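Asker:
Protein chains: 2
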Amino acid sequence: MVRTIERLPKKQRHQLLQSLIEDNPFITDQELTRQLKVSIQTVRLDRLELGIPELRERMKLMAERSYDPVRSLPLHEVIGDIVDLQLDHSGISLFEIKEEHVFSRTGIARGHHVFAQANSLAVAVINDEIALTATADIRFVRSVQLGEKCIAKAYVRSGSGGRSKAKVEVCSYVGDEMVFQGHFVIYRSAGEPVIEGGMDGADRN
Amino acid sequence: MVRTIERLPKKQRHQLLQSLIEDNPFITDQELTRQLKVSIQTVRLDRLELGIPELRERMKLMAERSYDPVRSLPLHEVIGDIVDLQLDHSGISLFEIKEEHVFSRTGIARGHHVFAQANSLAVAVINDEIALTATADIRFVRSVQLGEKCIAKAYVRSGSGGRSKAKVEVCSYVGDEMVFQGHFVIYRSAGEPVIEGGMDGADRN
DNA sequence: ATACTATTAGTACCTGGTTATAATAGCTGA
DNA sequence: TCAGCTATTATAACCAGGTACTAATAGTAT
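First to last, the protein sequences are chains A and V. Just so you know, we're using the numbering used here here: the first sequence kicks off at 1 and counts up by one. Just so you know, we're using the numbering used here here: the second sequence kicks off at 1001 and counts up by one.
#1: For Leu1132(V) and chain A, any beta-carbon pair shorter than 8 Å?
#2: Looking at C-alpha atoms only, which residue of Phe26(A), Ile40(A), Asp46(A), Gln41(A) is the closest neighbour of Leu16(A)?
#3: Who are the Cβ neighbours of Ala118(A) in its own chain at under 7 Å, not counting the five residues just before and after it?
#4: On the criterion of 16 or more Cβ atoms from any shown chain inside 10 Å, does Leu50(A) qualify as buried, or is it exposed?
#5: Taking a contact to mean a Cβ-Cβ separation below 8 Å, would you say Ile1079(V) touches Gln1145(V) in this structure?
#6: How many angstroms separate the CA atom of Val1123(V) from the CA atom of Arg1110(V)?
#7: Between Ser158(A) and the rest of its own chain, which residues show a CB-CB distance below 8 Å, the 5 nearest in sequence each way excluded?
#8: Please report the distance separating the alpha-carbon of Met1059(V) from that of Ala63(A).
#9: Which partner residues of Met59(A) appear in the DSSP bridge assignment?
#10: Taking all protein chains shown into account, do 16 or more other C-beta atoms lie within 10 angstroms of the C-beta of Thr1135(V), making it buried, or fewer, making it exposed?
#11: What's the call for Lys39(A), buried or exposed, on a 16-neighbour Cβ count within 10 Å?
#12: Flag this pair as yes or no: are the beta carbons of Val1125(V) and Leu1087(V) separated by less than 8 Å?
#13: Determine, using beta carbons only, whether Ser1093(V) comes closer than 8 Å to chain A.
#14: Would you kindly check if the distance between the Cβ of Ile92(A) and the Cβ of Ser143(A) is under 8 Å?
#15: Please list the partners that Pro25(A) has in chain V, where partner means a Cβ-to-Cβ separation under 8 Å.
#16: State the CB to CB distance for the pair Thr1133(V) and Phe140(A), rounded to an integer number of angstroms; the pair is presumed to be in contact (CB under 8 Å).
#17: What does a CB cutoff of less than 7 Å around Leu36(A) pick up in its chain, not counting 5 residues either side in sequence?
#18: Between Ser19(A) and the rest of its own chain, which residues show a CB-CB distance below 7 Å, the 5 nearest in sequence each way excluded?
#19: Under three-state DSSP, which class holds Gly107(A)?
#20: When the Cα atoms are used, what is the spatial distance from Val1175(V) to Pro53(A)?
#21: Count the other CB atoms, across all protein chains shown, that sit within 10 Å of the CB of Ala185(A); report buried if there are 16 or more and exposed otherwise.
#22: Flag Gly147(A) as yes if its beta-carbon sits less than 8 Å from any beta-carbon of chain V, otherwise no.
#23: Per DSSP, what kind of secondary structure is Glu129(A) in: helix, strand or coil?
#24: With a Cβ-Cβ cutoff of 8 Å, do Ala116(A) and Ala1116(V) count as a contact?
#25: Taking only the alpha-carbon atoms, compute the straight-line gap between Thr28(A) and Leu55(A) and give it to the nearest angstrom.
#26: Let me confirm a value: Asn1024(V) is counted as buried when at least 16 other C-beta atoms fall within 10 Å, else exposed. Which label applies?
#27: Identify, in the order they occur along the chain, each residue of the same chain with its Cβ nearer than 7 Å to the Cβ of Leu32(A), setting aside the five sequence neighbours on each side.
#28: Count the other C-beta atoms from every protein chain shown that fall within 10 angstroms of the C-beta of Ser1164(V), then say buried if there are 16 or more, exposed otherwise.
#29: Using beta carbons (cut-off 8 Å, strictly below), is Ile52(A) in contact with chain V?
#30: Of all Cβ atoms in chain A, is any one closer than 8 Å to the Cβ of Arg1013(V)?
#31: Please go through the same chain and pick out, in chain order, the residues whose beta-carbon is closer than 6 Å to the beta-carbon of His1113(V), but skip the five residues on each side of it.
#32: So is Thr135(A) in contact with chain V if we call contact Cβ pairs under 8 Å?
#33: Just to confirm the assignment, what range does the beta strand (DSSP E) spanning His183(A) have?
#34: Name the two residues that bound the continuous beta strand (DSSP E) containing Arg34(A).
#35: Using the rule of at least 16 other Cβ atoms within 10 Å of the residue's Cβ for burial, across every protein chain shown, is Glu1148(V) buried or exposed?
#36: Chain A beta carbons: is any one of them nearer than 8 Å to that of Ser1143(V)?
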């Protein structure tokens, strides 16, 4: 094994290749050939062994991940899945904390996502054509972690009649633990409730 | 002009092509050929005229945008573009209200987007490794419309020292008009500010 | 010597295009 | 009516960046 010192042993080359691709996924096999000082076939065999897809596949994967219609618009229309809705009375929604909702360093959910779930629910529970948040007084009781499922429960406290403001209280839980509490005041259009029945609210935008 | 009704006039085809690619950037010319009922050459001429790059270029652009090491984190994590940041003192961010942020029926921005901008800024302005929103007291002064540009200004009111809580006031404007006001209480890790100098904060995720 | 691994080489083929050239259809203005 | 124009389609050469397969070579271990 008088391996010419020029070239690394296979294992080390694999590691180097891994890291080269990792910190520049846009590198071609040609370039790798030059940097690793081995033939292009070797580079390709190495990729095969390591299960690293070709340049175009890598780009496609990155593009797809960033395109994912849910992910790219993390704050879409309604945040969370509304699983129960009694208009002008109460509602429940579920929201799972995913990668895109957390501080990457700590895995703790950004406050505005937790707020968004509560706000969406508070607006959805108001049985009116137009409902807008006027004020909110909120408290993040404890931080919510990546992977946890947030259950938000909303109760209309007053203003369920035809008045122009409604008060809604929303509490969010992970398991039994309360993680968020908020008092919302919601403007409503004019007490002209749109009769839509007690649907799941998915089409109430 | 007894154009066989099968095919659309050029202008409409261009529009259709635009929207087809827009809501599926991964479509090939082959598929477009089938959907538009014209030859692949026509599809390519159309792309040329419209300045739409080929599939691979589109994927590459998407991949690059999502990969850009500086931009990718702030883009996903912070809502709004931070244009000025004086740590522990003040900050300004811009956020344009787009289709995906409004109630489709009314064109009015959903409250949680306006909140998200303010919350992001309030957290960003705190010069600490970990900063979390504890409580917030917010008021939506007037509704924000589709297309309007929200300018959020944050000022640290107290707690800029090493204390474990900081108070931040954020006001958002459209032009001269105040549209949102919020008082945030932000938890900070332990008063161990990371010295980064007065940078623009782009690398503070 | 034999078998085995690592490396290199070469060829055919693939996708999803670009570029250039040409042919065709259909209408338009003089 | 006919030249000229636009829109469309066809054809062929070429490209990047690969995959898949076959084969040759060098060195090493048994």
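Where a beta carbon is used, it is the ideal one built from N, C-alpha and C, also for glycine. For clarity, every value in this text was computed on a predicted model and none was experimentally measured.
Answerer: In short, the structure shows the following:
#1: Along the second sequence, one-based indexing puts residue 1132(V) at 132. Yes, contact with chain A.
#2: Stepping through the first sequence from its first residue, residue 16(A) is reached at position 16. For Leu16(A), the nearest C-alpha among the options comes from Asp46(A).
#3: Here residue 118(A) corresponds to residue number 118 of the first sequence, with the count starting at 1. Here the set comprises Ala152, Val170, Ser172, Phe180, Gly182.
#4: For the purposes of this step, residue 50(A) is taken as residue 50 along the first sequence, with counting starting at 1. Result: exposed.
#5: Here residue 1079(V) refers to the residue found at position 79 when the second sequence is read from its first residue. Here residue 1145(V) refers to the residue found at position 145 when the second sequence is read from its first residue. No; because the gap between Cβ atoms is not below 8 Å, this pair is not in contact.
#6: Numbered from its first residue, the second sequence carries residue 1123(V) at position 123. Numbered from its first residue, the second sequence carries residue 1110(V) at position 110. Here the alpha carbon of Val1123(V) sits roughly 21 Å from the alpha carbon of Arg1110(V).
#7: On the first sequence, residue 158(A) is found 158 positions in, with the first residue counted as 1. Only residues of its own chain outside the window of five on either side were considered, and among them Ala166, Lys167 have a CB closer than 8 Å to the CB of Ser158(A), listed in chain order.
#8: In the second sequence, residue 1059(V) corresponds to position 59, counting from 1. In the first sequence, residue 63(A) corresponds to position 63, counting from 1. Taking the straight line joining both Cα atoms gives about 6 Å.
#9: Here residue 59(A) corresponds to residue number 59 of the first sequence, with the count starting at 1. Its beta-bridge partners do not exist; DSSP assigns none.
#10: Sequence index remark: in the second sequence, residue 1135(V) carries index 135 (1-based). Of the residues assessed, Thr1135(V) falls on the buried side of the cut-off, its CB having 16 or more other CB atoms within 10 angstroms.
#11: Position 39 of the first sequence holds residue 39(A). The question names Lys, yet the displayed sequence has Ser at residue 39(A). Result: exposed.
#12: Locating residue 1125(V) in the second sequence gives position 125, counting from the first residue. Locating residue 1087(V) in the second sequence gives position 87, counting from the first residue. Yes, these two residues count as a Cβ contact at 8 Å.
#13: Here residue 1093(V) is taken as the residue at index 93 of the second sequence, counted from 1. No, Ser1093(V) lies away from the interface with chain A (no Cβ there is under 8 Å from its Cβ).
#14: By 1-based counting over the first sequence, the position of residue 143(A) is 143. By 1-based counting over the first sequence, the position of residue 92(A) is 92. No. Outside cutoff.
#15: The count along the first sequence starts at 1 and reaches residue 25(A) at position 25. Those are Ala1063, Tyr1067, listed as they occur along chain V.
#16: Translated into the one-based positions of the second sequence, residue 1133(V) becomes position 133. Translated into the one-based positions of the first sequence, residue 140(A) becomes position 140. Going by Cβ atoms, the distance from Thr1133(V) to Phe140(A) rounds to 5 Å, so yes, they are a contact pair.
#17: Locating residue 36(A) in the first sequence gives position 36, where the first residue counts as 1. Only Arg13, Leu16, Leu17, Val43 meet the Cβ criterion.
#18: As a first step, residue 19(A) is located in the first sequence; it is residue number 19 there, counting from the start. Result list for Ser19(A): empty, nothing under 7 Å.
#19: Translated into the one-based positions of the first sequence, residue 107(A) becomes position 107. Coil at Gly107(A), not helix or strand.
#20: Mapped onto the second sequence, residue 1175(V) falls at position 175. Mapped onto the first sequence, residue 53(A) falls at position 53. Val is not the amino acid found at residue 1175(V); the sequence shown has Gly there. Distance between the alpha carbons of Gly1175(V) and Pro53(A) is about 49 Å.
#21: Locating residue 185(A) in the first sequence gives position 185, where the first residue counts as 1. Looking at the sequence shown, residue 185(A) is not Ala but Val. The residue is buried, with at least 16 neighbouring Cβ atoms inside 10 Å.
#22: The sequence position of residue 147(A) within the first sequence is 147, counting from 1. Contact with chain V is absent for Gly147(A), since none of that chain's Cβ atoms lies less than 8 Å from the residue's Cβ.
#23: Stepping through the first sequence from its first residue, residue 129(A) is reached at position 129. The answer is coil: DSSP assigns Glu129(A) none of H, G, I, E or B.
#24: Here residue 116(A) refers to the residue found at position 116 when the first sequence is read from its first residue. Here residue 1116(V) refers to the residue found at position 116 when the second sequence is read from its first residue. With contacts defined as CB atoms closer than 8 Å, Ala116(A) and Ala1116(V) qualify as a contacting pair.
#25: Your numbering for residue 28(A) matches position 28 in the first sequence. Your numbering for residue 55(A) matches position 55 in the first sequence. Distance between the alpha carbons of Thr28(A) and Leu55(A) is about 6 Å.
#26: As a first step, residue 1024(V) is located in the second sequence; it is residue number 24 there, counting from the start. It counts as exposed.
#27: On the first sequence, residue 32(A) is found 32 positions in, with the first residue counted as 1. If the five residues before and after Leu32(A) are omitted, its C-beta is found closer than 7 Å to the C-beta atoms of Leu17, Leu20, Val43, all from its own chain and listed in chain order.
#28: If you number the second sequence from 1, residue 1164(V) lands on position 164. Burial call: exposed.
#29: Counting from one through the first sequence, the residue named residue 52(A) turns up at place 52. Not closer than 8 Å to any Cβ of chain V, the Cβ of Ile52(A) fails to qualify, so no.
#30: As a working note, residue 1013(V) is residue 13 in the second sequence. Output row for Arg1013(V): interface = no.
#31: If you number the second sequence from 1, residue 1113(V) lands on position 113. Cβ neighbours of His1113(V) within its own chain (closer than 6 Å, five residues either side excluded): His1101.
#32: For the purposes of this step, residue 135(A) is taken as the residue at position 135 of the first sequence. Yes - at least one Cβ of chain V is within 8 Å of the one on Thr135(A).
#33: Along the first sequence, one-based indexing puts residue 183(A) at 183. According to the DSSP assignment, His183(A) belongs to the beta strand (DSSP E) that extends over 177-188.
#34: The residue labelled residue 34(A) in the question sits at position 34 within the first sequence. Per DSSP, Arg34(A) belongs to no beta strand (DSSP E); it is in the alpha helix (DSSP H), 29-36.
#35: Your numbering for residue 1148(V) matches position 148 in the second sequence. Label assigned to Glu1148(V): buried.
#36: Here residue 1143(V) is taken as the residue at index 143 of the second sequence, counted from 1. Chain A has a Cβ within less than 8 Å of the Cβ of Ser1143(V).
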